[in-house]
Amino acid sequence: MLAYILRRLLFVIPTLFGIMVLNFFIIQTAPGGPVEQMIAQLEGTAVGATERFSGSASGGELMRQPEQGEGGGAYRGARGLPKEIIQRIERMYGFDKPIHERFWLMLRNYVVLDFGDSFFRNRRVVDLVIEKLPVSISLGLWTTLLVYFVSIPLGIRKAISDGSRFDVSTSSLLIVLNAIPAFLFSILLIVLLAGGTYVKWFPLRGLVSDDWATLSLGAKIANYLWHMVLPIVSMVIGGFAGLTFLTKNSFIEEIGKQYVLTARAKGMNEKRVLYGHVFRNAMLIVIAGFPAAFIGVLFTGSLLTEVIFSLDGLGLLGFEAAINRDYPIIFGTLFVFSLIALIMGIIGDLAYTVVDPRIDFEARG
Numbered sequence: 000m001l002a003y004i005l006r007r008l009l010f011v012i013p014t015l016f017g018i019m020v021l022n023f024f025i026i027q028t029a030p031g032g033p034v035e036q037m038i039a040q041l042e043g044t045a046v047g048a049t050e051r052f053s054g055s056a057s058g059g060e061l062m063r064q065p066e067q068g069e070g071g072g073a074y075r076g077a078r079g080l081p082k083e084i085i086q087r088i089e090r091m092y093g094f095d096k097p098i099h100e101r102f103w104l105m106l107r108n109y110v111v112l113d114f115g116d117s118f119f120r121n122r123r124v125v126d127l128v129i130e131k132l133p134v135s136i137s138l139g140l141w142t143t144l145l146v147y148f149v150s151i152p153l154g155i156r157k158a159i160s161d162g163s164r165f166d167v168s169t170s171s172l173l174i175v176l177n178a179i180p181a182f183l184f185s186i187l188l189i190v191l192l193a194g195g196t197y198v199k200w201f202p203l204r205g206l207v208s209d210d211w212a213t214l215s216l217g218a219k220i221a222n223y224l225w226h227m228v229l230p231i232v233s234m235v236i237g238g239f240a241g242l243t244f245l246t247k248n249s250f251i252e253e254i255g256k257q258y259v260l261t262a263r264a265k266g267m268n269e270k271r272v273l274y275g276h277v278f279r280n281a282m283l284i285v286i287a288g289f290p291a292a293f294i295g296v297l298f299t300g301s302l303l304t305e306v307i308f309s310l311d312g313l314g315l316l317g318f319e320a321a322i323n324r325d326y327p328i329i330f331g332t333l334f335v336f337s338l339i340a341l342i343m344g345i346i347g348d349l350a351y352t353v354v355d356p357r358i359d360f361e362a363r364g
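Residue numbers for the sequence shown follow numbering that gives the first Met the number 0, beginning at 0 and rising by one.
What follows is the structure, given as structure tokens:
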């Protein structure tokens with residue numbers, strides 16, 4: 000098993016390389032890059048999310064009129080920008096170099112985990128990622144674990160009592176909950192429980208309170224969990240249906256197989272049949288989806304939740320970077336998410352062997 004894990008870890012390197020190559024050349028050739036963004040900012044034609052960086056040091060440096068006898072003040076869209084200013088912008092973002100040279104420079108820096116500096120935040124990307132990662136990890140991990148801990152027992156119970164009143168009623172409830180968008184449920188929770196209209200039992204924003212650093216260890220944990228309740232509930236509430244029905248269908252399929260009928264005919268205890276034989280076979284397909292479920296929640300599922308509850312995580316950071324064409328942040332977050340996804344895939348394989356010890360990846364390798 001150790002040799003298999005080592006092979007999988009070594010396979011991470013070419014996989015990451017392929018992901019970065021593909022996305023680098025797609026994103027770099029897309030229109031509306033950082034040079035165009037800064038030119039639009041200087042000309043006064045920028046709109047939307049680009050206003051965040053209008054006061055950056057680099058932008059302020061370029062906003063000054065060059066000594067060409069044209070008078071002071073910022074550039075106007077009608078007057079355009081001199082060629083010298085555009086060249087300075089290209090040098091500032093490294094776009095004065097050929098695309099292949101920029102790519103190899105990025106890879107050389109990534110070997111030492113140097114993701115560069117943000118174009119518009121004037122901070123190192125690695126510092127931004129480290130700062131935002133706990134928020135996204137908290138949302139993704141708690142949401143995924145709660146969904147699995149509820150859906151798996153519920154799916155097993157539904158499979159055992161297939162067609163009963165319990166099965167029909169819980170299926171109806173799950174379908175209704177699955178139809179509610181997470182962001183609408185988030186707003187409802189805020190209105191009801193966060194001081195929107197009724198009571199204020201939970202905080203409205205942030206991962207922890209402002210005085211968190213002064214609290215004791217137990218109070219810090221309680222304060223963190225208190226802030227996590229509404230965001231986690233809003234993300235979990237619609238995540239039960241798919242996994243519950245998957246668990247139920249997997250168990251029903253296994254229960255109908257010949258080896259289960261044979262075990263029952265021999266007089267084997269029902270719990271032993273269910274949890275000793277059916278469980279490990281039915282759970283394989285459920286476990287296979289855990290890495291993808293975690294990454295999905297971590298990267299995309301938490302975006303609107305982060306916005307609504309003012310949780311400044313990687314999802315929001317990556318979204319703003321994509322809007323503003325902040326390439327160092329885009330590739331830095333992409334690298335981190337890809338690495339986490341690949342590691343989670345290895346963990347998923349290890350979980351296979353825990354559920355069913357008969358699986359031997361080394362022998363199959």
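Ideal Cβ positions, reconstructed from N, Cα and C, are used throughout, including at glycine.
Computed from a predicted model, the values in this text were never measured in an experiment.
Taking only three categories from DSSP, how would you classify residue i?
i: K131; result: helix
i: A193; result: strand
i: K96; result: coil
i: R7; result: helix
i: K265; result: coil
i: D116; result: strand
i: R122; result: coil
i: S163; result: coil
i: G76; result: Low confidence applies to G76: its pLDDT is 39, below 50, so where it sits in the model is not reliable, and the reading given next is rough at best. Coil, per DSSP.
i: V353; result: helix
i: F308; result: coil
i: P13; result: helix
i: E60; result: The predicted position of E60 is uncertain, since its pLDDT is 46 and thus under 50; a value taken from the coordinates is nonetheless stated next. E60 falls in the helix class under three-state DSSP.
i: G288; result: coil
i: P152; result: helix
i: M0; result: coil
i: V111; result: coil
i: P327; result: helix
i: I322; result: helix
i: A178; result: coil
Please name the residue in the options whose C-alpha comes closest to that of residue i.
i: F368; options: I18, L5, N248, F10; result: Nothing in the structure corresponds to residue 368, since the chain is present only between 0 and 364.
i: L203; options: F165, W211, P133, L191; result: L191
i: I307; options: V149, P230, T243; result: P230
i: G241; options: I294, L303, T261, A178; result: A178
i: A340; options: N108, H99, G139, A262; result: G139
i: A321; options: S160, F119, G205, K219; result: F119
i: D325; options: L1, P13, L216, F23; result: F23
i: F330; options: M105, R7, N121, W200; result: M105
i: I155; options: I136, V272, D210; result: V272
i: I294; options: R6, G314, F278; result: G314
i: V125; options: L1, F278, D113; result: D113
i: R371; options: E269, F250, D209, K265; result: Residue 371 lies beyond the range of the chain shown here (0 to 364); nothing can be said about it.
i: T332; options: H99, K265, E130; result: E130
i: H226; options: Q257, N248, L188; result: L188
i: L283; options: G266, N248, E269, Q257; result: N248
i: M343; options: L1, V277, L8, M0; result: L8
i: R123; options: V134, N108, S135; result: N108
i: H98; options: V134, A221, I25; result: This sequence places Ile at residue 98; His is not what is there. Selected option, being the one with the closest Cα: I25.
i: V353; options: G312, G275, L316, A218; result: G275
Beta carbon of residue i, beta carbon of residue j: below 8 Å?
i: S117; j: L127; result: yes
i: A350; j: I254; result: no
i: V235; j: T142; result: yes
i: L144; j: T169; result: no
i: L21; j: F334; result: no
i: P290; j: G115; result: no
i: T246; j: L173; result: no
i: L302; j: F318; result: yes
i: V228; j: F201; result: yes
i: V259; j: V232; result: no
i: A292; j: G347; result: no
i: L214; j: N222; result: yes
i: S171; j: G312; result: no
Between residue i and residue j, which are expected to be in contact by the criterion C-beta below 8 Å, what is the C-beta distance as a whole number of angstroms?
i: V149; j: F239; result: 6 Å
i: A181; j: T261; result: Wrong, their Cβ atoms sit about 45 Å apart, outside the cutoff.
i: S434; j: G205; result: With the chain covering only 0 through 364, there is no way to say anything about residue 434.
i: I151; j: V296; result: Going by Cβ atoms, the distance from I151 to V296 rounds to 17 Å, so no, they are not a contact pair.
i: I345; j: I4; result: 7 Å
Handout entry: Runs of alpha helix (DSSP H) wholly within the region 191-272 (minimum 4 residues, chain order)
Key = 216-235, 239-254, 257-264
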